[in-house]
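For this note's numbering, count along the sequence shown from 1 and bump the result up by 1191.
First the structure, in the form of structure tokens, and then the observations on it.
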Amino acid sequence: MSEHSVIKEQPEPVASLDHRTSFSGALRSNVVHAYEKLTTKHGWVGDYDYGWLCMPTLPFSISSVAKPRRRMPPFYALDSELPLLLALTSGLQHALAMLAGLITPPIIFASTLNLDGETSAYMISASLIGCGILSLVQMSRIRLFKNYYLGTGLLSVVGTSFATLSTANAIFNAMYADGTCPSTTSADGTVVRGACPDAYGKVLGTSLICSFLEIFLSFVPPRMLQRIFPPMVTGTVILMIGASLVGSSGIPDWGGGSNSCSSRPTSGFFRLCPNINAPRPLLWGSPEFIGLGFLSFVSILLTELFGSPFLKNISIIVGLAVGCIVSGAAGYIDGSSIKTAPVITFLWVHTFKIRVYPPAILPMLAVYISVAMEAIGDITASAEVSRVAVDGEEFDSRIQGGVLSDGIGGFLSALFTVTPLSIFAQNNGVIAVTRCANRTAGRFCCMFLILFGVLGKISGVFLAIPNPVLGGVTTFLFASVATSGARVLAYTRYTRRDRFVLSAALSFGFGDLLVPTIFTYLFDRVKHPNSALQGFFSSITIVLSTPFLVAGVVAVVLNLILPQEDADDDDDKEVEIVDVEEKPHSKADM
């Protein structure tokens, strides 16, 4: 071997030695950093003002007339160093802020399908665990190729989409109507629905195949999506989702139950609410039920008036807690769901037959379009409140990654026995108040959600919440969804064309909302022997019978075919006034 060849081979061990040295140095540095984090006051507490976070606002606002205002806590960016106590506290706040939104859909699904307590408790646990796992995916920012990513890289948490809740209600109605699910007619003509777990499995199976639409949409340039789905369209959809849920679930539960008892039959199992075997059954709309719901509702208002920043972020949970304490003392709570719930549970303890229900394909495709629209708006709000760019290539990649993660999350959530997910907007309010946009807090949030889901008794507790208490809280929750839609609509310029499109869309949306059966009998005379064509007719009926779907379709079509027109001087002045008033409010609200 020549001397030259020996010289060429010698640098390799040196490079290997440098690599080992750098690796051991990095490992030593990480160990030292972890030790300091766990053993020092700064690592646990940092410079955050926890007194500001936990102190009530009204007394201190009165006494602070002669005192200087308290300095705001520091802002913690996405990847800044975060004290452990703040990470735990902020993560718990995020988990509690979204808790009511996570448990409500499975409770309503189970009630609509008359499922037993054990299955209902599992659905709540699966929702919590699935949302915790898939929120970790959404918060990541994994580069796939070129400028395409998976996840937003923001503190973006996901939960069961309320769009799915509204649509599934129409799908379940169609299944009971066509005999897919069993039902009986009592002597007084009241239709009583039987248990139908297979209907939930068919919604999951249909959701699974339809999720590929949102995956495809994630590769469409975000600016093109924003042209197809401007604020006028997204605001209309969100407004109608919230309004329809108030009417179909929130208020009926407030009165005693959204099941068959809401029709006040004169005989049968649902003659009283929630049923005749409940601890203290009453007629739907009884003053006792109205009072319990009103107590929960007022608790939310009082928390906003007197509560600390921490309590304001979890006012929904406060309303549930106060309502449950009073109703429990009065004997309205049935503890059987807590006794039968397992101590520890996880995904797939119960399973559903995954099938595709053809009439649900078209409505579920529309759900995924609405989920993508929600994602674009919520990611924009999250980026703004997290103090990162809200335009440019990086922002576009966050939207692309968020929509892709939502689509893949829809596929995985069906396998997790959970309906499609969407990014939750209320967590932006937690970021704005706590001034903590750090993803470490988000990871702790996911840990708490998974923990709540694994502890099966917690799901049993949620299931024991009386319907009026749940109704009083969810009415406020769903109304806040409608308010978000109205806020998005505020960004519309409102030219004559825009007013025309919005009026046409709301004509169908409000019409469906106020007279739900208007399109139910549209194809009753059309009995085609071709089952595929009959399924298509059923799909159209479901779309036309769902307020946000029909309003969204009308808004999208008219927005694409009607020519744009310039705003006149008066319109420009209105836009300027709205912008001046909205900007400060929007940042605080997020």
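For every residue, glycine included, the Cβ atom is placed at its ideal position computed from N, Cα and C.
What you are looking at is a predicted structure, and each value in this text was computed from that prediction instead of being measured.
### Query
residue 1621 to residue 1669, Cα distance in whole Å?
Rounded to whole angstroms, residue 1621 to residue 1669 spans 18 Å at the Cα level.
### Query
Which whole-angstrom value is the C-beta distance of residue 1499 and residue 1265, which I expect to be below 8 Å?
Going by Cβ atoms, the distance from residue 1499 to residue 1265 rounds to 19 Å, so no, they are not a contact pair.
### Task
Could you name the residues of the same chain whose beta carbon sits closer than 8 Å to that of residue 1436, not counting the 5 residues immediately before and after it, in chain order?
Spatial neighbours of residue 1436 in its own chain (CB-CB distance under 8 Å, excluding positions within 5 residues in sequence) are listed in chain order as 1353, 1356, 1357, 1665, 1669 and 1672.
### Task
Whole angstroms is fine: what's the gap from residue 1795's alpha carbon to residue 1513's?
Any answer about residue 1795 is impossible in this case: the structure gives the chain only from 1192 up to 1781.
### Task
Find the nearest neighbour of residue 1639 within the set 1277, 1287, 1317 and 1725, judged by alpha-carbon distance.
Residue 1639 has its Cα closest to that of 1287, out of 1277, 1287, 1317 and 1725.
### Query
Can you name, in chain order, every residue of its own chain whose Cβ lies under 7 Å from the Cβ of residue 1438, other than the five neighbours on each side?
Closer than 7 Å at the Cβ level, and outside the excluded window around residue 1438, lie 1704.
### Query
What number of angstroms, rounded off, separates the C-alpha of residue 1408 from the C-alpha of residue 1575?
Approximately 23 Å between the Cα atoms of the pair.
### Message
If you follow the beta strand (DSSP E) that residue 1350 is in, where does it begin and where does it stop?
### Response
Start and end: 1349-1351.
### Task
Alpha carbon to alpha carbon, how far is residue 1634 from residue 1334? Give it in angstroms, no decimals.
The alpha-carbon atoms of residue 1334 and residue 1634 are separated by roughly 19 Å.
### Task
Could you check how far apart the C-beta atoms of residue 1609 and residue 1347 are, in whole angstroms? I think they sit under 8 Å.
17 Å between Cβ atoms; not a contact.
### Query
Taking all protein chains shown into account, do 16 or more other C-beta atoms lie within 10 angstroms of the C-beta of residue 1405, making it buried, or fewer, making it exposed?
A buried status is given to residue 1405, since no fewer than 16 other beta-carbon atoms sit within 10 Å of its beta-carbon.
### Task
With DSSP collapsed to three states, give me the class of residue 1392.
Helix, per DSSP.
### Message
Quick check: what's the CA-CA separation for residue 1648 versus residue 1417?
### Response
Looking at the two C-alpha atoms, the distance is approximately 44 Å.
### Query
residue 1566 and residue 1587: beta carbons closer than 9 Å?
Going by C-beta atoms, residue 1566 is not nearer than 9 Å to residue 1587.
### Query
Given that a residue counts as buried once 16 or more other Cβ atoms are within 10 Å of its Cβ, and exposed if not, what is residue 1658?
Buried: at least 16 other Cβ atoms inside 10 Å.
### Task
Report back the beta-carbon spacing between residue 1557 and residue 1430 to the nearest angstrom; my notes put them in contact at under 8 Å.
About 16 Å; that fails the 8 Å criterion.
### Task
Identify, in the order they occur along the chain, each residue of the same chain with its Cβ nearer than 7 Å to the Cβ of residue 1325, setting aside the five sequence neighbours on each side.
Once the five neighbours on either side are set aside, the close Cβ partners of residue 1325 are 1349, 1600, 1603, 1604 and 1612.
### Message
Just verifying my parser: in three-state terms, what is the DSSP assignment at residue 1336?
### Response
Correct three-state label for residue 1336: strand.
### Query
Taking the continuous alpha helix (DSSP H) assigned at residue 1377, which residues delimit it?
Premise fails: residue 1377 is in no alpha helix (DSSP H) and is neither H nor E.
### Message
Please identify the residue among 1662, 1714, 1553 and 1742 whose C-alpha is closest to the C-alpha of residue 1362.
### Response
Residue 1553 is the option with its Cα nearest to residue 1362.
### Task
Leaving out five residues on either side along the sequence, give the residues of the same chain with a beta carbon under 8 Å from the beta carbon of residue 1624.
Here residue 1624 has 1500, 1503 and 1504 as same chain residues with Cβ atoms under 8 Å from its own Cβ, once five neighbours each way along the sequence are excluded.
### Task
Starting from the Cα of residue 1329, find the closest Cα among 1734, 1754, 1725 and 1636 and give me that residue.
Looking at the Cα atoms, 1636 is the closest of the given residues.
### Query
How many angstroms separate the CA atom of residue 1461 from the CA atom of residue 1455?
In a straight line, the C-alpha of residue 1461 is about 8 Å away from that of residue 1455.
### Message
Let me make sure I understand the geometry here. Which of 1745, 1243, 1284 and 1424 has the alpha-carbon closest to that of residue 1507?
### Response
Looking at the Cα atoms, 1284 is the closest of the given residues.
### Simplified DSSP assignment, three categories, for residue 1331
Reduced to three states, the DSSP call for residue 1331 is coil.
### Task
Might you give, ordered along the chain, the residues of its own chain that have their beta carbon closer than 7 Å to the beta carbon of residue 1655, omitting 5 neighbours on each side?
Hits under 7 Å: 1524, 1525, 1526, 1528 and 1529.
### Message
With a threshold of 6 Å on Cβ separation, who are the neighbours of residue 1738 within its own chain once the five nearest residues in sequence on each side are excluded?
### Response
Spatial neighbours of residue 1738 in its own chain (CB-CB distance under 6 Å, excluding positions within 5 residues in sequence) are listed in chain order as 1431, 1435, 1700, 1703 and 1704.
### Query
What's the C-alpha gap between residue 1632 and residue 1584?
As the crow flies, the alpha-carbon of residue 1632 is around 26 Å from that of residue 1584.
### Message
For residue 1305 and residue 1385, which I take to be in contact (beta-carbon distance under 8 Å), what is that distance rounded to the nearest angstrom?
### Response
Their Cβ separation, rounded to whole angstroms, is 6 Å, which keeps residue 1305 and residue 1385 in contact under 8 Å.
### Message
According to DSSP, is residue 1716 part of a helix, a strand, or is it coil?
### Response
Of the three classes helix, strand and coil, the one that applies to residue 1716 here is coil, per DSSP.
### Message
For residue 1390, which residues in the same chain have their Cβ closer than 6 Å to its Cβ, ignoring the five residues on either side in sequence?
### Response
Excluding its 5 nearest sequence neighbours in each direction, residue 1390 has C-beta neighbours in its own chain below 6 Å: 1304, 1363, 1366 and 1372, listed in chain order.
### Query
Is residue 1592 near residue 1344, with beta carbons less than 9 Å apart?
A contact, by the Cβ cut-off of 9 Å.
### Query
When the distance is taken between beta carbons, is residue 1727 closer than 9 Å to residue 1533?
No, the pair does not count as a contact, with Cβ atoms beyond the cut-off.
### Query
Which residue comes first and which comes last in the alpha helix (DSSP H) that contains residue 1481?
Annotation: the continuous alpha helix (DSSP H) that includes residue 1481 extends over 1478-1497.
### Message
So for residue 1408, helix, strand or coil by DSSP?
### Response
Judged by DSSP in its simplified three-state form, residue 1408 adopts helix.
### Query
Should residue 1293 and residue 1237 be called a contact, given that it needs their Cβ atoms to be closer than 9 Å?
Going by C-beta atoms, residue 1293 is not nearer than 9 Å to residue 1237.
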